[in-house]
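Colleague: One structure is given below, represented as C-alpha cells, and several questions about it will come after.
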Amino acid sequence: EDQVTQSPEALRLQEGESSSLNCSYTVSGLRGLFWYRQDPGKGPEFLFTLYSAGEEKEKERLKATLTKKESFLHITAPKPEDSATYLCAVQETSGSRLTFGEGTQLTVNP
Amino acid sequence: GAVVSQHPSWVICKSGTSVKIECRSLDFQATTMFWYRQFPKQSLMLMATSNEGSKATYEQGVEKDKFLINHASLTLSTLTVTSAHPEDSSFYICSARDRGGGELFFGEGSRLTVL
Chain A
1 EDQVTQSPEA LRLQEGESSS LNCSYTVSGL RGLFWYRQDP GKGPEFLFTL
51 YSAGEEKEKE RLKATLTKKE SFLHITAPKP EDSATYLCAV QETSGSRLTF
101 GEGTQLTVNP
Chain B
111 GAVVSQHPSW VICKSGTSVK IECRSLDFQA TTMFWYRQFP KQSLMLMATS
161 NEGSKATYEQ GVEKDKFLIN HASLTLSTLT VTSAHPEDSS FYICSARDRG
211 GGELFFGEGS RLTVL
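Structural data, given as C-alpha cells:
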C-alpha cells in the first residue's frame, strides 16, 4: 500500500526565512510525485509534478526536488502570501489514483 | 493550467434530503474524474473514481448507494449525496485528468452542511 508522510505538520516562518518541507513516500513503482498548495476553503492548486529521482522544478520562490525515497519543497525568502497548506501526493505506475500526505501547514509572518 | 469548476461552492440542507454536486472540466476533456472528501485539518480522502460512460469505482468503506456518481460526458461528473445526514457534512472536492493522462486538476470544492 502506498504511503506518504509529510513533515513537519506545521511550520511558522518569518518573512524572508527560507526553509524546506519534506515528503517521504513508499510506493511499489512511482509514476509521479505531485505538490499542491491548498488555501482554506479552496481546492488544491497544482504546483509541480516530478517523475524521476534527481529531477528538480522551480516556480517563483518554490523549488521541488525528488529522490527515490522523498521529495523536498524548498521555499526561498517566503512572503506572507505563501501561507497555505502544502500537499504532497504520489501516483504509482499501475494506477491512476493519487495518495495524499496529511499536508504541511505553512504560516509566514510579516 | 486547466480549469475545473465545481458547483455549488456551498450548500446547506435538511437531514434526509439529497444534494447534487457538479464537477465540470471547462477547457479539456476528462476521461477520469475523482471525488474526494476532506475533513477539517485533514488531507484528502479519495471516495471514488469515475470514468466517462462506465460505473464509478468506489474506495473501501464508501457507500455506493449513498454517494451516487455519474460521469455522463467527458466534461461533467456529478456526485449526489442521498438522504443526507449531519455526519455527511464535509468538504467535497472533485478533480479531473485530461485525456493525455497528465496532471490532476482540482475544483474549488463544495462545502456541504446537513442540519
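Chains A and B are the protein sequences, given in the same order. Be aware that the first sequence starts at 1, since it is given in my numbering, and climbs by one per residue. Be aware that the second sequence starts at 111, since it is given in my numbering, and climbs by one per residue. C-beta atoms are modelled at their ideal positions from N, C-alpha and C, and glycine is treated no differently. Note that the structure is a prediction, hence the values are computed from the model and not measured.
Are any of the Cβ atoms in chain B nearer than 7 Å to that of A/F46?
Modeller: Closer than 7 Å to some Cβ of chain B, the Cβ of A/F46 qualifies, so yes.
Colleague: Here's the rule I'm using: 16 or more other beta-carbon atoms within 10 Å means buried, otherwise exposed. How should B/P118 be labelled?
Modeller: Label assigned to B/P118: exposed.
Colleague: Would you mind reading off the limits of the beta strand (DSSP E) that contains A/Q38?
Modeller: Taken as a continuous stretch (DSSP letters only), the beta strand (DSSP E) holding A/Q38 covers 30–38.
Colleague: Could you work out which residues of chain B lie near A/R97, taking near to mean beta carbons separated by less than 8 Å?
Modeller: Going along chain B in sequence order, the residues near A/R97 (Cβ under 8 Å) are F144, L156, T159.
Colleague: Need the endpoints of the beta strand (DSSP E) that B/R147 sits in, please.
Modeller: Per DSSP, B/R147 belongs to the beta strand (DSSP E) from 140–148.
Colleague: Which residue from A/E56, A/T49, A/R61 puts its Cα closest to that of A/L30?
Modeller: Of the candidates A/E56, A/T49, A/R61, the one whose C-alpha sits nearest the C-alpha of A/L30 is A/T49.
Colleague: Closer than 9 Å, Cβ to any Cβ of chain A: which residues of the segment 193–225 of chain B, in chain order?
Modeller: Within the segment 193–225 of chain B, the qualifying residues are F201, I203, C204, S205, R207, G211, G212, E213, L214, F215, F216, G217, E218, G219, R221.
Colleague: B/Q170 bridges to which residues according to DSSP?
Modeller: Note: B/Q170 sits in no beta bridge, so no partner.
Colleague: So if I threshold CB-CB distances at 7 Å, which residues from the segment 98–110 of chain A count as touching chain B?
Modeller: Those would be L98, F100, G101, E102, G103, in chain order.
Colleague: Whether or not the segment 14–30 of chain A and the segment 83–96 of chain A are in contact is what I'm after, with contact meaning three or more pairs of Cβ atoms, one per stretch, closer than 8 Å; do they touch?
Modeller: At 8 Å Cβ cutoff, the stretches touch.
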